[in-house]
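As structure tokens, the structure follows; a few thoughts come after it.
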Amino acid sequence: MKSRFPTINTDAGATSVAQAPANKVHGRLKPSLVAIALFLASAAQAAPAPDPARFAPCLAELKPDAQGRGVSGAAFDRLTASLVPDMKVLELLDYQPEFRTAIWDYLAALVDDERVADGRAMQAQWSEVLKAVAARYRVDPATVVAVWGVESNFGRNFGARPLLTSLSTLSCYGRRQAYFRGEFFDALKIVDSGDVKAEQLTGSWAGAFGHTQFMPSTFLRLAVDFDDDGRRDLVGSVPDALASTANFLKKAGWREGEPWGYEVRLPSGFDASNAGRRNKQPLASWSARGVTRIDGSPLGGGDAPAGLMLPAGPRGPAFLVFRNFDAIYGYNAAESYALAIAHLADRLKGGQPFATPWPTDDPGLSRVERRELQTLLIARGHAIGSVDGMLGDASRSAIRVEQQRLGHSIDGRAGQKLLTALKDSRP
Ligand code: CA
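For any residue, its number in our numbering is found by taking its place in the sequence shown, counting from 1, and adding 37.
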């Protein structure tokens, strides 16, 4: 449904998450800002070279299809008249990330103290709306706020690409044209309906937009007008956005009053061959096998179906996850993504960081620490652009140079060891 994909890859014993721009490109996966792209790595097909001259004839061919999907001819003409293709999005479509993010790096930046503090401020600011949303949709409001925080950093980052430009380009070039045409037509419908103005419709390269980074098709299916102004506005209305996320989770099967899951402790010598989110077994059977809550207290009995998730293998944190975890997973089909949302929701409710350390001697960096690292890199003369806490290609190149100078292994990864070494050494 969305496009971002934190995806867990368990090769070589280390869980990793491919890091890429927005890549929700499939029915259930929505393209979005934190995207991870296993996907893109597969099935690259030969595509004709992008020839800008083909754009106008392509649009002309699309018009009858759009009309068949409910876009009026007049709206199509009006909304596409000034479109110019943006070939940059084709590079993003085909981008195959060489850098894979370990789950501890992924979570360190998505669920840091800063996002917890920001989320609590938002909970306070929007408490009345959240109360009303929870009452209508019967979903956990902290989880809704957590989705908002991860999707758009509470409305601070929508993505800047004009959606009609990106989606029309992807409809005429590249290897997923059929999929993007559907999203393009849906985006035209959204603008034509007056829900969101074309100039406000910006987002990730693949078409996710607004506070909650819905794809256009998801918007048409699930967005709601919660503030009753007659428009479903996921760009300009926080109440609409929060309620639409709640509606999504409800439709994905959220069960009020049930937990997503929790961290557990495994007995020594535990046979983890039954692990897996999908491999649900009654809680009582995990209990019988010696699994306890992380503080050692009993799980309790009952037949609630629970899956054992070991996102970094048997030496890292272990979780039992229930149906509500699957509802979050439905928002963006990646277990690392769902864990980030679930954990952030817990932290917003006063929960603690995971008790079990990740199996690494070099933990990941929060966004504050990433900005600190970027400042240190700039002080050493690296031209990495602005200090934004986002580690792009330029930052990674600079990190490699510093790793070489320091005698660290040269992998472009930013962890605690590198940050400490740079703080301790004079430029
Ligand atoms: Ca509204």
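C-beta atoms are modelled at their ideal positions from N, C-alpha and C, and glycine is treated no differently.
query: C-alpha distance - residue 41 paired with residue 394, whole-angstrom precision; result: At residue 41, the pLDDT of 41 sits below 50, so the modelled position is not reliable; the number obtained from the coordinates is stated separately. For residue 41 and residue 394, the distance between alpha carbons rounds to 26 Å.
query: Own chain, CB closer than 7 Å to residue 254, minus 5 neighbours either side, in chain order; result: 219, 220 and 223
query: Terminal residues of the beta strand (DSSP E) in which residue 210 lies; result: Run containing residue 210: none; DSSP gives neither H nor E here.
query: Status (buried if at least 16 other CB within 10 Å, exposed otherwise) for residue 311; result: exposed
query: Distance, residue 372 Cα to residue 115 Cα; result: 41 Å
query: DSSP-derived helix/strand/coil call for residue 394; result: coil
query: Cβ distance (whole Å) where residue 358 is taken to contact residue 297 below 8 Å; result: 6 Å
query: Own chain, CB closer than 6 Å to residue 142, minus 5 neighbours either side, in chain order; result: 401
query: Residue range of the unbroken alpha helix (DSSP H) whose run includes residue 411; result: 404-416
query: Inter-residue Cα distance where the pair is residue 457 and residue 439; result: 12 Å
query: Residue 98, buried or exposed, once every other Cβ within 10 Å from all chains shown has been counted against 16; result: exposed
query: Best match in 249, 286, 294 and 225 for proximity to residue 274 [C-alpha to C-alpha]; result: 249
query: Beta-ladder partner(s) of residue 476, from DSSP; result: What is shown of the chain runs 38 to 464, which leaves residue 476 out entirely.
query: Distance between residue 171 and residue 178 (C-alpha atoms, nearest Å); result: 6 Å
query: Own chain residues within Cβ distance below 6 Å of residue 217, not counting five before or after; result: 204, 207 and 208
query: Stretch pair the segment 162-171 + the segment 260-280: three plus CB contacts closer than 8 Å; result: yes
query: beta-carbon residue 312 near ligand 2 non-hydrogen atom, thresh 7 Å; result: Ligand 2 is not among the ligands present in this structure, which contains only ligand 1.
query: Any non-hydrogen atom of ligand 1 closer than 7 Å to residue 269 Cβ; result: yes
query: Residue from 213, 121 and 376 with nearest C-alpha to residue 90; result: 121
query: Spatial neighbours of residue 451 in its chain, beta-carbon cut-off 7 Å, leaving aside the 5 residues before and after; result: 402, 407, 410, 428 and 436
query: Residue 265 burial status per 10 Å Cβ neighbour count (16 or more: buried); result: exposed
query: Buried/exposed call for residue 188, threshold 16 Cβ in 10 Å; result: buried
query: Touch test, the segment 373-389 against the segment 187-202, Cβ-Cβ under 8 Å, three pairs minimum; result: yes
query: Rounded straight-line distance, which links the Cα of residue 431 to that of residue 422; result: 8 Å
query: Near ligand 1: residue 274 beta-carbon under 7 Å from a heavy atom; result: yes
query: Chain-order list of residues whose beta-carbon lies under 6 Å from that of residue 124 (same chain, five-residue window excluded); result: 87
query: Alpha carbon of residue 342 to alpha carbon of residue 361, nearest angstrom; result: 11 Å
query: Extent of the continuous beta strand (DSSP E) run through residue 318; result: 313-319
query: Inter-residue spacing [alpha-carbon to alpha-carbon] between residue 195 and residue 339; result: 43 Å
query: Other residues of its chain near residue 146: CB distance less than 6 Å, five sequence neighbours each side excluded; result: 404
query: Same chain only: Cβ atoms within 6 Å of residue 349, ignoring 5 sequence neighbours per side; result: 52, 140, 395 and 396
query: Ligand 1 heavy atom lying under 7 Å from the CB of residue 131; result: no
query: Proximity winner among 299, 448 and 384, relative to residue 138 (alpha-carbon distances); result: 448
query: Endpoints, the alpha helix (DSSP H) within which residue 249 is located; result: First-last for residue 249: undefined, no H or E at that position.
query: Residue environment, residue 425, which counts as buried when at least 16 other CB atoms sit within 10 Å; result: exposed
query: Alpha-carbon to alpha-carbon, residue 180 and residue 152; result: 13 Å
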